Structure formats: structure tokens, C-alpha cells
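Data first, discussion second: the structure below is written as C-alpha cells.
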Amino acid sequence: MHELSLVAALIEQLDALINQHGAARLSRVRLTVGPFSGVCAESLQFAYRALAADNPRYADSCLETETPPGRFLCAACGHESEHRPETCPRCGGTIFDRHGGRDLILQQVELEEE
Ligand SMILES: [Zn+2]
Numbered sequence: 004m005h006e007l008s009l010v011a012a013l014i015e016q017l018d019a020l021i022n023q024h025g026a027a028r029l030s031r032v033r034l035t036v037g038p039f040s041g042v043c044a045e046s047l048q049f050a051y052r053a054l055a056a057d058n059p060r061y062a063d064s065c066l067e068t069e070t071p072p073g074r075f076l077c078a079a080c081g082h083e084s085e086h087r088p089e090t091c092p093r094c095g096g097t098i099f100d101r102h103g104g105r106d107l108i109l110q111q112v113e114l115e116e117e
């Protein structure tokens, strides 16, 4: 499962943050999931719970995700649409660029001191 390796990498990153801040635990982490990342937020939650369950630093922590809407930009005129149109409503162009991100972005982390 793709999400499992993403969460494993995320936890590695969070471990580094916890160490860096000399914190004892992580209580909350917020992620933005790029609309074109191909990542399923539900699978991400599932993987997080599976990996966090074995790790006392993440006991009772929660993962929050948000997925902003993707946008399609007309390659010819830059007109922005929420859904991919057949033709651009402004110029009739038919080539669109995806706009809105493929990445997972760590937004916010809440750490607890001992
Ligand atoms: Zn256009």
C-alpha cells in the first residue's frame, strides 16, 4: 500500500521534529493532501493508526487531513476551472494544466512536553 510508505516517511520526519524540540509526544498533526497526489485520505488515516499504535510517542495522537480542490488552468489563456472542461469557456482552448499540488504538505504539528 502506497499510503503506508508515505506515513512511514511522515513518522520519520515527525520523529526528527520531536527530537529537535525535545518533546515527549506528538498530539496532533495536520496535513494537506494535494488533490492530484493520488493519495486517499482514508487510507492515510488507516496507515497512520496502524503505525502510530505501535509507537508510544504517538499514542492518542490524531492525524487531520484536508484536501483542497484541484484546479484546471487553460494552457492558452490561463482561465481557471474547478472541473476539467471540454473546452475553455473563455477562449475555446482544449489543453489544460492541473494546478493544485501533488504533494503531501505538513501544515501543523502539536507536540507535548513531558
Ligand atoms: Zn482559455
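First residue of the sequence shown: 4, per the working numbering; consecutive thereafter. The C-beta atom is built at its ideal place from N, Cα and C for all residues, glycine as well. Computed from a prediction, not measured in an experiment: that's the story for all the values here.
For R104, tell me which candidate among R74, P88 and E113 has the shortest Cα-Cα distance.
For the record, residue 104 in the displayed sequence is Gly; it is not Arg. That would be R74, whose Cα lies nearest to the Cα of G104.
What residue range is occupied by the uninterrupted alpha helix (DSSP H) comprising E117?
From DSSP, E117 is part of no alpha helix (DSSP H); its letter is neither H nor E.
Where are the alpha helix (DSSP H) runs, 4 residues long or more, that stay fully inside the region 37 to 93, in chain order?
For the region 37 to 93, whole alpha helix (DSSP H) runs of length 4 or above, ordered along the chain, are 44 to 55.
Leaving out the 5 sequence neighbours to the left and right, which residues in its chain are closer than 8 Å to A78 when beta-carbon positions are compared?
Hits under 8 Å: G96, I98, F99 and D100.
What residues sit near ligand 1, counting only those whose C-beta is closer than 6 Å to one of its heavy atoms, in chain order?
Selection output, chain order preserved: C77, A79, C80, H82, C91, R93, C94 and G96.
What whole-angstrom Cβ distance do A50 and V112 have, given they're in contact under 8 Å?
Incorrect: roughly 18 Å between the Cβ atoms, too far for contact.
Going by beta carbon distance, what residues of the same chain come within less than 7 Å of A27, once the five residues before and after it are set aside?
Same-chain partners within the cutoff: E115, E116 and E117.
Could you tell me the boundaries of the beta strand (DSSP E) in which H102 lies?
Where H102 is concerned, the enclosing beta strand (DSSP E) stretches over F99 to H102.
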